[in-house]
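>
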């Protein structure tokens, strides 16, 4: 089989498996997997900037929250139905990521990390400040009646799983396509050696700007979907913790691999889920596992798989 | 016809004059060597020509257009290709992808593969095409760097110490490569290896302490007493 054939086969195979699983999984894991697919979409967005372009952002919670609040505030206060609210979430996410990109991309390295972190904290504080509308830390529930998209009630588990699946499949295929285009390959080259790319005649600033907008918009789509599918919006989703999560998921799964974000999210979710069933000190188990993985699979699970077995993995 | 010229080009780093008031003209089709002792300002001068460094004062003109304020990538798009003094390939990408990146910006998609193949054929790296560039020997990475330069079909190819670290046999094939390329492009060569300069250059420009010291044919430069004193050593 050709390389392209294998790549398409593997990714479509995963999607087919996830589609089929909804018919066999018990309710508990069914719900978990829907959540994992949404969070993995967030990680896919993060991976485009961090894994493929080499820009370490500590502020992606801002984009996730922009999508989530763009959707939920318009539902709550402007009386939007689900579809236009979802679109608003995406537009707000794209606008916020473009604005932050224009400012943050004037810096590089550690300064970039700090600038993104600070802006995300400013976003978090803004949500707390406008508690009258956002209900701050406590957050607010989006009623089941408001979570009907094109006639599908997304509070109902099967519909929710299917919606999460569609979101994840879209993000995965966008990511897969993107990194195989000349544009995506230029991003990878920027990650490897930006100065050289510039001296090959590419406008590296424009490439990084586009990468950050795509990354932020995908993250915002996950945030909006999270609000819509699970019916809740709260300031904790804008906190620094939610900027660190996608970094962890991507590092564990394999930065700069298309499947890494999903594998990392799945692994981390069930690691915490299973270890908390054994002991209340579950973070200890999670922590030790993470240390072991970082020591023995520094390129992440999918990254190691690519290094050792499947060199063709995108 | 003059392809490139600089007028009064000056660069100061924190009070240190790295390049002072350089007026430099490069006619189309020439192979020009730029020589000078270490620290003479050669890399700084070409850095200002290709846009990696902003000059403190002075102008750069390329094909009758003043490009002093253009960012580097725009100058490259106009046809100035620069190969780095310190090898700067993409080590974790394949040899093919390294050259394809250089080619893709201006060559239509269906023709990229053929351009990559022919560039690698020319530098003798065709059989290493699928290897990671980081696995190549230093000399081969230099050749890859040169392939990335000329696959852009530049109007001006700037090579910054291309033979540094090459074996004698590799230097011979480098000379043959430049003699091949001189038919299609103008070349500015920063070079320490005098046999390369004497054999390849149509004319030689000498920099010393950031200033233009002399200019002439390789023979004239070889016989120039000032150059001998500054560069080749007194005696």
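Protein chains in written order, with this note's numbering: chain D, 9 to 322; chain Y, 18 to 252. Where is the CB? At the ideal position from N, CA and C, for every residue including glycine. Remember, predicted model here, so these are calculated numbers, not experimental data.
Tell me which residue opens and which closes the beta strand (DSSP E) that residue 99 of chain Y is part of.
Bounds of the beta strand (DSSP E) holding residue 99 of chain Y are 97-100.
> Out of curiosity, what's the CA-to-CA distance linking residue 167 of chain Y and residue 41 of chain Y?
Distance between the alpha carbons of residue 167 of chain Y and residue 41 of chain Y: 23 Å.
> Under 8 Å Cβ-Cβ, which residues of chain D neighbour residue 24 of chain Y?
Here the premise fails: no neighbours, minimum Cβ distance about 24 Å.
> With a cut-off of 8 Å, does the C-beta of residue 110 of chain Y fall near any C-beta of chain D?
yes
> Distance, Cα to Cα, residue 81 of chain Y vs residue 45 of chain Y?
Distance between the alpha carbons of residue 81 of chain Y and residue 45 of chain Y is about 12 Å.
> Less than 8 Å separating the beta-carbons of residue 108 of chain D and residue 229 of chain D?
no
> Would you call the stretch 201-210 of chain D and the stretch 245-256 of chain D touching, i.e. three or more CB-CB distances under 8 Å?
no
> Using a cut-off of 8 Å between C-beta atoms, extract the partners of residue 200 of chain D located in chain Y.
107, 108, 109 and 110
> Determine, using beta-carbon pairs with one atom in the stretch 168-188 of chain D and one in the stretch 38-53 of chain D, whether at least three such pairs fall under 8 Å.
yes
> Have a look at Y:18, Y:57, Y:47 and Y:21 and flag the residue whose alpha-carbon is nearest the alpha-carbon of residue 36 of chain Y.
Nearest of Y:18, Y:57, Y:47 and Y:21 to residue 36 of chain Y, Cα basis: Y:57.
> Quick one, which residues of the stretch 150-165 of chain Y are near chain D if we go by CB-CB under 9 Å, in chain order?
165
> Indicate the three-state DSSP secondary structure (helix, strand or coil) for residue 223 of chain Y in the structure shown.
strand
> Which class does residue 191 of chain Y belong to by DSSP, given the choice of helix, strand or coil?
helix
> For residue 152 of chain D, count the other beta carbons within 10 Å of its own beta carbon; 16 or more makes it buried, fewer makes it exposed. Which is it?
By the 10 Å Cβ count, residue 152 of chain D comes out exposed.
> Looking only at its chain, what residues have a beta carbon closer than 7 Å to the beta carbon of residue 131 of chain D, apart from the 5 residues adjacent to it on each side?
So the qualifying residues of the chain are 70, 73 and 246.
> DSSP state of residue 34 of chain Y, grouped into three classes?
Three-state DSSP puts residue 34 of chain Y in a strand.
> Distance, Cα to Cα, residue 72 of chain Y vs residue 29 of chain Y?
8 Å
> Go ahead and label residue 126 of chain Y buried or exposed: buried means 16 or more other beta carbons lie within 10 angstroms of its beta carbon, across all protein chains shown.
Around the beta carbon of residue 126 of chain Y, a 10 Å sphere encloses fewer than 16 other beta carbons of the protein chains shown; the residue is thus reported as exposed.
> May I ask you to list the residues that DSSP assigns as paired with residue 29 of chain Y?
Answer is Y:34, bridged to residue 29 of chain Y.
> Does residue 185 of chain D come within less than 8 Å of chain Y when only Cβ atoms are used?
Not closer than 8 Å to any Cβ of chain Y, the Cβ of residue 185 of chain D fails to qualify, so no.
> Runs of 4 residues minimum, wholly inside the stretch 113-152 of chain Y: which ones carry the alpha helix (DSSP H) assignment?
126-140
> Between which two residues does the alpha helix (DSSP H) carrying residue 49 of chain D extend?
35-55
> Any idea what DSSP makes of residue 86 of chain Y, helix, strand or coil?
coil
> For the beta strand (DSSP E) holding residue 232 of chain Y, just list the boundary residues, first then last.
Per DSSP, the continuous beta strand (DSSP E) segment holding residue 232 of chain Y begins and ends at 228-233.
> Once you ignore the five residues that flank residue 307 of chain D on each side, which residues in its own chain have a CB closer than 7 Å to its CB?
262 and 315
> Residue 63 of chain Y CB to nearest chain D CB: under 8 Å?
So no, residue 63 of chain Y is outside the interface.
> If we define contact as Cβ-Cβ less than 8 Å, is residue 193 of chain D a contact residue for chain Y?
A Cβ of chain Y is located within less than 8 Å of the beta carbon of residue 193 of chain D.
> Please list the residues of the stretch 83-99 of chain Y that have a C-beta atom closer than 7 Å to any C-beta atom in chain D, keeping them in chain order.
89, 90, 93, 94 and 99
> Contact defined as beta carbons within less than 8 Å: I believe residue 180 of chain D pairs with residue 68 of chain D. What is the distance between those atoms, to the nearest angstrom?
Rounded to whole angstroms, the Cβ separation of residue 180 of chain D and residue 68 of chain D is 18 Å, and the two are not in contact under 8 Å.
> Touch check for the stretch 262-279 of chain D and the stretch 125-143 of chain D: three-plus C-beta pairs under 8 Å?
no
> For residue 76 of chain Y, write down the residues that DSSP places opposite it in a beta bridge.
Y:24
> Just verifying my parser: in three-state terms, what is the DSSP assignment at residue 239 of chain Y?
Reduced to three states, the DSSP call for residue 239 of chain Y is helix.
> In the DSSP output, what is residue 171 of chain Y paired with across the bridge?
The partner list for residue 171 of chain Y (beta bridge, DSSP) is empty, contrary to what the question assumes.
> With three or more C-beta pairs closer than 8 Å as the rule, is the stretch 48-68 of chain D touching the stretch 113-128 of chain D?
yes
> I want to know whether the stretch 50-69 of chain Y touches the stretch 174-183 of chain Y - three or more CB-CB distances under 8 Å.
yes
> Once DSSP output is grouped into helix, strand and coil, what is the label at residue 15 of chain D?
helix
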